[in-house]
Amino acid sequence: EAGVTQFPSHSVIEKGQTVTLRCDPISGHDNLYWYRRVMGKEIKFLLHFVKESKQDESGMPNNRFLAERTGGTYSTLKVQPAELEDSGVYFCASSQVKTHDLPQHFGDGTRLSIL
Amino acid sequence: GENVEQHPSTLSVQEGDSAVIKCTYSDSASNYFPWYKQELGKRPQLIIDIRSNVGEKKDQRIAVTLNKTAKHFSLHITETQPEDSAVYFCAAGFNKFYFGSGTKLNVKP
């Protein structure tokens, strides 16, 4: 079984540019989560999809961040325009919908560097 | 919301010794407590988890204890090996997870 995959693994962009991160959850997992880890700090929750619906987006830092999951399969997280403080590792995780608090399976993350 | 605190931030032990990492949480509604291990450049991997109706769980050299009254839970690694070296994250939650800030464990051969 393929795990959670994220693309790209690393992105370096300049301040003010736009970047889109992609996450493909494990097949059959309706729950999809985005997290972010800024260097040296905790992994912070950003938002949670159940299929294509945003269940909880309370962790999204501001309106420069837009997450979508059209069709309820893969998800994208767009940052526009990027700021220096957006640098960090963005993780995606997925789990089955029936027992959403069961282990969340993480992807390798996308390391985002804003110059 | 939930607030998870994790200590220590770094831990260095000699191979064969035990390592203990402690976490506290604030939201009594949290009922699931996973522990993740993240090796350098790799994804966080679940190593053990515990639910609020259980006080202790063990899997070979790894054990987790939970004290719901005190709102704290701990990870215990016995007979540590160099390959246990990694960053360990605790998490607590109900509908979503809040993570601790991580503990960098270094096991010296």
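If you read the protein sequences in the order shown, they are chains A and B. When we follow the numbering used here, the leftmost residue of the first sequence carries the number 1, and every step to the right adds one. When we follow the numbering used here, the leftmost residue of the second sequence carries the number 116, and every step to the right adds one. We treat Cβ as the ideally placed atom computed from N, Cα and C, and that holds for glycine.
Status (buried if at least 16 other CB within 10 Å, exposed otherwise) for residue i
{"i": "B/K211", "result": "buried"}
{"i": "B/K152", "result": "buried"}
{"i": "A/H100", "result": "No answer about A/H100 holds up, because its pLDDT of 49 lies below 50 and its placement is not dependable."}
{"i": "B/Q121", "result": "buried"}
{"i": "B/P159", "result": "buried"}
{"i": "A/S53", "result": "exposed"}
Nearest to residue i (by Cα), restricted to the options the options
{"i": "A/V50", "options": "A/V19, A/S75 and A/V4", "result": "A/S75"}
{"i": "B/V119", "options": "B/F214, B/P224, B/L220 and B/N221", "result": "B/F214"}
{"i": "B/T184", "options": "B/S141, B/L190 and B/V128", "result": "B/S141"}
{"i": "B/Q196", "options": "B/G131, B/N182 and B/N168", "result": "B/G131"}
{"i": "B/I136", "options": "B/E198, B/F209 and B/F188", "result": "B/F188"}
{"i": "B/R176", "options": "B/A201, B/S143, B/I163 and B/K219", "result": "B/I163"}
{"i": "B/N168", "options": "B/L220, B/K186, B/L161 and B/S216", "result": "B/K186"}
{"i": "A/S94", "options": "A/Y33, A/Q17 and A/V19", "result": "A/Y33"}
{"i": "B/A207", "options": "B/P123, B/K219, B/A201 and B/N182", "result": "B/N182"}
{"i": "A/E42", "options": "B/K223, B/V202 and B/P224", "result": "B/V202"}
Bounding residues of the beta strand (DSSP E) (the contiguous stretch that carries residue i)
{"i": "B/P149", "result": "Y147 to Q153"}
{"i": "A/D24", "result": "V19 to D24"}
{"i": "A/Q104", "result": "Segment: none, A/Q104 is in no beta strand (DSSP E) and carries neither H nor E."}
{"i": "B/K223", "result": "T218 to K223"}
{"i": "A/K54", "result": "S53 to D56"}
{"i": "B/V128", "result": "T125 to Q129"}
{"i": "B/F214", "result": "F212 to F214"}
Residues that residue i bridges to, as DSSP identifies them
{"i": "B/E120", "result": "B/T139"}
{"i": "B/D164", "result": "B/P149"}
{"i": "A/H48", "result": "A/Y33 and A/D56"}
{"i": "B/F204", "result": "B/Y151"}
{"i": "A/L112", "result": "A/S11 and A/G88"}
(message) Which complete beta strand (DSSP E) runs does the stretch 59-99 of chain A hold, if anything under 3 residues is left out?
(response) 65-68, 75-79 and 88-95
(request) Note down, one range per segment and in chain order, each beta strand (DSSP E) of at least 3 residues found wholly within the stretch 170-201 of chain B. (result) 171-174, 177-182 and 187-192
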